[in-house]
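Engineer: Before we start, here is the structure in question, set down as structure tokens.
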Amino acid sequence: MNVITINQVNCKDCYKCVRYCPIKAIRVANGHAEVDADRCLGDGNCLKVCPQHAKQVRSDLPAVLALLASGRPVFASVAPAALGIFGAALPRVITALRMLGFTRVEETTRTAAAVARACAAHDPAEGPSITTACPAVVELVCTYYPQYAHRLAPVPSPMTAHARLLREEHGDAAAVVFIGPCIAKKGDSQANGIDAALTFDELRAWLRQ
Numbered sequence: 001m002n003v004i005t006i007n008q009v010n011c012k013d014c015y016k017c018v019r020y021c022p023i024k025a026i027r028v029a030n031g032h033a034e035v036d037a038d039r040c041l042g043d044g045n046c047l048k049v050c051p052q053h054a055k056q057v058r059s060d061l062p063a064v065l066a067l068l069a070s071g072r073p074v075f076a077s078v079a080p081a082a083l084g085i086f087g088a089a090l091p092r093v094i095t096a097l098r099m100l101g102f103t104r105v106e107e108t109t110r111t112a113a114a115v116a117r118a119c120a121a122h123d124p125a126e127g128p129s130i131t132t133a134c135p136a137v138v139e140l141v142c143t144y145y146p147q148y149a150h151r152l153a154p155v156p157s158p159m160t161a162h163a164r165l166l167r168e169e170h171g172d173a174a175a176v177v178f179i180g181p182c183i184a185k186k187g188d189s190q191a192n193g194i195d196a197a198l199t200f201d202e203l204r205a206w207l208r209q
């Protein structure tokens, strides 16, 4: 499922997104702009330039609500950017997540130090090593610059590493929901065993509800 789609009702066919997509992942089909999921990195540039706000990011909230209703233990992995977003209100946000039904709320940075050490130990044959914390960067290299793929550190992102650790500690029945600022994590979550990924905007909307 595409992370970014285009609402054709709102789209006025100005094609600004086509012109500004750095990797040409938006094409014109049947007279309308259309996101090519095989080329899209989920960097969100098209959301920023669209004057009609016709771009839509996939909501994982229905999947999260289903997980919370399933009876499975559900763990929230919260990105460190949460402190910058919520500031002094962060403890109340964590309490709210527990009240909404999460079994436990943890910081994704729990595995960050181990990931950083593993990345630092990676020594490609030539040139610098490329860290793999950002899924947009990894997809960019693999899709558009495969000649540099060997420089990608063979290390999971902190999000993936944290999910694996939680399942080691609590069993495979545990569900993991990542909460962070980046929409690219939604695409990365599907490929790395994360059950769902919410942006901070989705979390805010959920709390308002």
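Each residue of the sequence shown is one higher than the last, beginning at 1 in my numbering. Glycine is no exception: its CB is placed at the ideal position from the N, C-alpha and C atoms.
Do Pro135 and Ala184 count as a contact pair if the criterion is CB distance below 7 angstroms?
Structural biologist: yes
Engineer: Just confirm the distance between the C-beta atoms of Ser189 and Phe178, as a whole number of angstroms; I'd bet it's less than 8 angstroms.
Structural biologist: 6 angstroms
Engineer: Would you decide whether Leu210 is buried or exposed? Buried here means 16 or more other CB atoms lie within 10 Å of its CB.
Structural biologist: The question about residue 210 has no answer here: the residues shown for the chain are numbered 1 through 209.
Engineer: Return helix, strand or coil for Ala76, following the three-state DSSP convention.
Structural biologist: strand
Engineer: For the candidate residues Ser77, Tyr144, Ser129 and Glu126, whose alpha-carbon lies nearest to that of Ala112?
Structural biologist: Ser77
Engineer: Need the endpoints of the alpha helix (DSSP H) that Glu202 sits in, please.
Structural biologist: Phe200 to Arg208
Engineer: With DSSP as the reference, label Phe102 as helix, strand or coil.
Structural biologist: coil
Engineer: Candidates Gly44, Ala54, Thr5 and Ile85: which alpha carbon is nearest Leu203's?
Structural biologist: If we check each option's Cα against that of Leu203, Ile85 comes out closest.
Engineer: Based on the DSSP secondary-structure assignment, which residues constitute the bridge partners of Val35?
Structural biologist: According to DSSP, which records beta bridges pairwise, Val35 is partnered with Ile26.
Engineer: According to DSSP, is Gly180 helix, strand or coil?
Structural biologist: In the structure shown, Gly180 adopts extended strand secondary structure according to DSSP, grouped into three states.
Engineer: Should Lys55 be labelled buried (16 or more other beta-carbon atoms within 10 Å of its own) or exposed?
Structural biologist: buried
Engineer: Check whether the Cβ atoms of Val74 and Phe102 lie closer than 7 angstroms to each other.
Structural biologist: yes
Engineer: By how many angstroms is the C-alpha of Ala197 removed from the C-alpha of Arg164?
Structural biologist: Roughly 15 angstroms between the two C-alpha positions.
Engineer: In angstroms, rounded to a whole number, what distance separates the CA positions of Ile3 and Arg117?
Structural biologist: Correcting the residue identity first, residue 3 is Val in this sequence and not Ile. Approximately 31 angstroms between the Cα atoms of the pair.
Engineer: Could you check what DSSP says for Ile6 in three-state terms: helix, strand or coil?
Structural biologist: strand
Engineer: Just reading off the alpha helix (DSSP H) that Val57 is part of, what are its end residues?
Structural biologist: From DSSP, Val57 is part of no alpha helix (DSSP H) but of the beta strand (DSSP E) over Lys55 to Val57.
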